[in-house]
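Asker: In our numbering, the protein residues as written are 1 to 396.
My structure is below; once you've seen it, I'll send some questions.
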Ligand SMILES: Cc1ncc(COP(=O)(O)O)c(C=O)c1O
């Protein structure tokens, strides 16, 4: 069967292909340590699980739900935004619960793009922005983020790329680079959106991870006119598999997106929504505890990266560490494959996040300290002890 033309140029998502390869290696007995994907390995808070269990046991909780989500969840999201981000959102009109924020990226593209419309996407950045734009018939226009720019858009260069641009995706703390937003970045983005009449979409799933001061672009005065914000419980509350996210912004925008989304799904299972509302009420202790664990893991990742002679910044936020490969390596793919095939450890090559990521790798923090220790010992045994690295001839 011939696939629709909209799939031209859309490959299978990198991780689904790679995970299949890793499964094959595992069935051949290789016991691969997967430090690739950012799926939290820790459990949600026990109270959250209890609510899911209790609510799922009630016979009346199994029907279709409202397209706009339960008022309990929307109320909890509104309170959460006020408490942590100092942003006021009307729970009735300015919040749309999502089945994970990833679907929101697609919904936004389908809602706003016509064939040929252009969308600014970060390079490096989350690959879904590009696929969603293409699937919706738009044209992604990558904008480079690099260390020299502090991983922020070079606004003067963007101005030359604005023909037919309707949307712009941004994401801080940035994935994959771990960059936190600088003091005035969000204000500059809102001003840029206003000046050029584009809708900026801020994707904000990492603001609580290894970061003491979560920020929202919606806290900028007048932002609702020009931006939408996606958020998620996947990383902040260890609920990636539950698929709970949200879209926040002006009531008109939310209604526009609902016109598309209500044709795609039929609401979210009520017990999930009620449990998510509980998760959003957790206090600072929850985040402090999680971050203490991630800091311990991060130290091990630094050790692993030192062993590989990679360079990196130590103040990254989010679930990953982004690191430049040593000069002798052509790119992150070569290093990633070498580590996978020699030491059975999987680390993501930075090139999958865009051209600007080619010389980097990204290590996930979603594994216990012992797994990192095991990875370190495998790498030092299998890579460092090989004749190639003893003679300092690193493959190019
Ligand atoms: C930058 C970014 N945005 C969005 C998502 C999707 O998160 P969710 O689980 O809410 O769909 C991810 C997941 O890895 C991500 O890294």
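Where is the CB? At the ideal position from N, CA and C, for every residue including glycine.
Look at the Cβ atom of residue 53, then the Cβ atom of residue 268, and state whether they are nearer than 8 Å.
Answerer: Taking the first residue of the chain shown as 1, we reach residue 53 at position 53. Taking the first residue of the chain shown as 1, we reach residue 268 at position 268. Going by C-beta atoms, residue 53 is not nearer than 8 Å to residue 268.
Asker: If you count every other CB in all the chains shown that lies within 10 Å of the CB of residue 104, and 16 or more means buried, which is it?
Answerer: Indexing the chain shown from 1 puts residue 104 at position 104. Buried is the call here.
Asker: Just to confirm before moving on: does the CB-CB distance between residue 207 and residue 153 stay below 8 Å?
Answerer: Here the question's residue 207 lines up with position 207 in the chain shown. Here the question's residue 153 lines up with position 153 in the chain shown. Taking 8 Å as the Cβ cut-off, residue 207 and residue 153 do not qualify as a contacting pair.
Asker: How big is the Cα-Cα spacing for residue 360 and residue 327?
Answerer: Residue mapping note: residue 360 aligns to position 360 of the chain shown, counting from 1. Residue mapping note: residue 327 aligns to position 327 of the chain shown, counting from 1. Computed Cα separation, rounded: 11 Å.
Asker: Would you mind reading off the limits of the beta strand (DSSP E) that contains residue 361?
Answerer: Numbered from 1 along the chain shown, position 361 holds the residue referred to as residue 361. 360–364 is the span of the beta strand (DSSP E), which, as asked, contains residue 361.
Asker: Beta-carbon distances below 6 Å to any heavy atom of ligand 1 define the shell here; list its residues in chain order, please.
Answerer: Here the list is 38, 100, 101, 102, 126, 171, 175, 203, 205, 232, 234, 240 and 245.
Asker: I need the DSSP call for residue 310, collapsed to helix, strand or coil.
Answerer: Taking the chain shown and counting its residues from 1, the one referred to as residue 310 is at position 310. Residue 310 falls in the coil class under three-state DSSP.
Asker: Excluding five sequence neighbours on each side, which residues of the same chain lie with their C-beta closer than 6 Å to the C-beta of residue 180?
Answerer: Residue numbering aside, residue 180 sits at position 180 when the chain shown is read from its first letter. For residue 180, where only same-chain residues beyond five positions count, the Cβ hits under 6 Å are 173 and 317.
Asker: Does the beta-carbon distance from residue 203 to residue 230 come in below 8 Å?
Answerer: Walking along the chain shown from the start, residue 203 turns up at place 203. Walking along the chain shown from the start, residue 230 turns up at place 230. Yes; because the gap between Cβ atoms is below 8 Å, this pair is in contact.
Asker: Short of 6 Å in beta carbon distance, which residues of its chain neighbour residue 84, apart from the five on each side in sequence? Order them along the chain.
Answerer: To locate residue 84, count along the chain shown from 1; it is residue 84. Here the set comprises 214.
Asker: Among the candidates 367, 374, 343 and 352, whose CA atom is the shortest distance from the CA of residue 384?
Answerer: Counting from one through the chain shown, the residue named residue 384 turns up at place 384. It is 343.
Asker: Just the Cα atoms here: how many angstroms apart are residue 45 and residue 75?
Answerer: Counting from 1 along the chain shown, the entry for residue 45 is found at position 45. Counting from 1 along the chain shown, the entry for residue 75 is found at position 75. Rounded to whole angstroms, residue 45 to residue 75 spans 20 Å at the Cα level.
Asker: Which same chain residues, not among the five before or five after residue 98, have their C-beta less than 7 Å away from its C-beta?
Answerer: Against the chain shown, residue 98 aligns to sequence position 98. Result list for residue 98: 104, 245, 246 and 247, in chain order.
Asker: Report buried or exposed for residue 88, applying the criterion of at least 16 other Cβ atoms within 10 angstroms of its Cβ.
Answerer: Taking the first residue of the chain shown as 1, we reach residue 88 at position 88. Label assigned to residue 88: exposed.
Asker: For the segment 105–123 against the segment 288–300, are there 3 or more C-beta pairs whose distance is under 8 Å?
Answerer: The segment 105–123, when compared against the segment 288–300, does not touch it at the 8 Å Cβ threshold.
Asker: Residue 202 bridges to which residues according to DSSP?
Answerer: Position 202 of the chain shown, counting from 1, holds the residue named residue 202. Note: residue 202 sits in a beta bridge opposite 170 and 229.
Asker: Quick one: residues in its chain with C-beta nearer than 7 Å to the C-beta of residue 358, no 5 flanking neighbours on either side, listed in chain order?
Answerer: For the purposes of this step, residue 358 is identified with residue 358 of the chain shown, where counting begins at 1. So the qualifying residues of the chain are 331, 332, 350 and 351.
Asker: Report the option in 324, 301, 303 and 319 whose CA atom is closest to the CA atom of residue 310.
Answerer: Locating residue 310 in the chain shown gives position 310, where the first residue counts as 1. Looking at the Cα atoms, 324 is the closest of the given residues.
Asker: Go to residue 106, then tell me how far its alpha helix (DSSP H) extends in each direction, as first and last residue.
Answerer: Mapped onto the chain shown, residue 106 falls at position 106. Here the alpha helix (DSSP H) through residue 106 covers 101–112.
Asker: I need the DSSP call for residue 42, collapsed to helix, strand or coil.
Answerer: In the chain shown, the residue the question calls residue 42 occupies position 42. DSSP places residue 42 in coil when its eight states are reduced to three.
Asker: With DSSP as the reference, please indicate the residues paired to residue 144 in a beta bridge.
Answerer: For the purposes of this step, residue 144 is taken as residue 144 along the chain shown, with counting starting at 1. DSSP output for residue 144 lists 123 as bridge partner(s).
Asker: Give the DSSP-derived three-state secondary structure of residue 348 in the structure shown.
Answerer: Sequence index remark: in the chain shown, residue 348 carries index 348 (1-based). Strand at residue 348.
Asker: Are the beta-carbon atoms belonging to residue 29 and residue 273 less than 8 Å from one another?
Answerer: Taking the chain shown and counting its residues from 1, one reaches residue 29 at position 29. Taking the chain shown and counting its residues from 1, one reaches residue 273 at position 273. Against a cut-off of 8 Å, the Cβ pair of residue 273 and residue 29 comes out as no contact.
Asker: What number of angstroms, rounded off, separates the C-alpha of residue 141 from the C-alpha of residue 161?
Answerer: Translated into positions along the chain shown, residue 141 becomes position 141. Translated into positions along the chain shown, residue 161 becomes position 161. If you take the alpha carbons of residue 141 and residue 161, they lie about 8 Å apart.
Asker: With a threshold of 8 Å on Cβ separation, who are the neighbours of residue 222 within its own chain once the five nearest residues in sequence on each side are excluded?
Answerer: Residue numbering aside, residue 222 sits at position 222 when the chain shown is read from its first letter. Excluding sequence neighbours, residue 222 sits near 190 and 194.
Asker: Select from 94, 135 and 131 the residue whose C-alpha is nearest the C-alpha of residue 114.
Answerer: Walking along the chain shown from the start, residue 114 turns up at place 114. Looking at the Cα atoms, 135 is the closest of the given residues.
Asker: Less than 8 Å between the beta carbons of residue 320 and residue 364, yes or no?
Answerer: Here residue 320 is taken as the residue at index 320 of the chain shown, counted from 1. Here residue 364 is taken as the residue at index 364 of the chain shown, counted from 1. Result yes, Cβ atoms of residue 320 and residue 364 sit closer than 8 Å.
Asker: Please say whether residue 91 and residue 353 have beta carbons closer to each other than 8 Å?
Answerer: Start at 1 with the first residue of the chain shown, and residue 353 comes out as number 353. Start at 1 with the first residue of the chain shown, and residue 91 comes out as number 91. Their beta carbons are not under 8 Å apart, which means residue 353 does not touch residue 91 by this criterion.
Asker: Expressed to the nearest angstrom, what Euclidean distance is found between the alpha-carbon atoms of residue 201 and residue 218?
Answerer: Along the chain shown, read from residue 1 onward, the residue named residue 201 stands at position 201. Along the chain shown, read from residue 1 onward, the residue named residue 218 stands at position 218. So the alpha carbons of these two residues sit roughly 11 Å apart.
Asker: With a cut-off of 8 Å on the beta carbons, I'd call residue 232 and residue 377 a contact; round off their distance for me.
Answerer: Taking the first residue of the chain shown as 1, we reach residue 232 at position 232. Taking the first residue of the chain shown as 1, we reach residue 377 at position 377. Not quite, the Cβ-Cβ distance comes to about 34 Å (not below 8 Å), so this is no contact.
Asker: From the DSSP output, in three-state form, read off residue 175 for me.
Answerer: What you label residue 175 is simply residue 175 of the chain shown in a count that begins at 1. It is coil, neither helix nor strand.
Asker: With a cut-off of 8 Å on the beta carbons, I'd call residue 107 and residue 227 a contact; round off their distance for me.
Answerer: Residue numbering aside, residue 107 sits at position 107 when the chain shown is read from its first letter. Residue numbering aside, residue 227 sits at position 227 when the chain shown is read from its first letter. Not a contact, Cβ separation roughly 16 Å.
Asker: By DSSP, does residue 292 sit in helix, in strand, or in coil?
Answerer: On the chain shown, residue 292 is found 292 positions in, with the first residue counted as 1. Three-state result, residue 292: helix.
Asker: What residue does the alpha helix (DSSP H) around residue 332 start on, and which one ends it?
Answerer: Here the question's residue 332 lines up with position 332 in the chain shown. Segment 332–343, the alpha helix (DSSP H) holding residue 332.
Asker: Going by the C-beta, is residue 366 closer than 7 Å to any heavy atom of ligand 3?
Answerer: By its list of ligands, the structure shown excludes ligand 3, since it contains just ligand 1.
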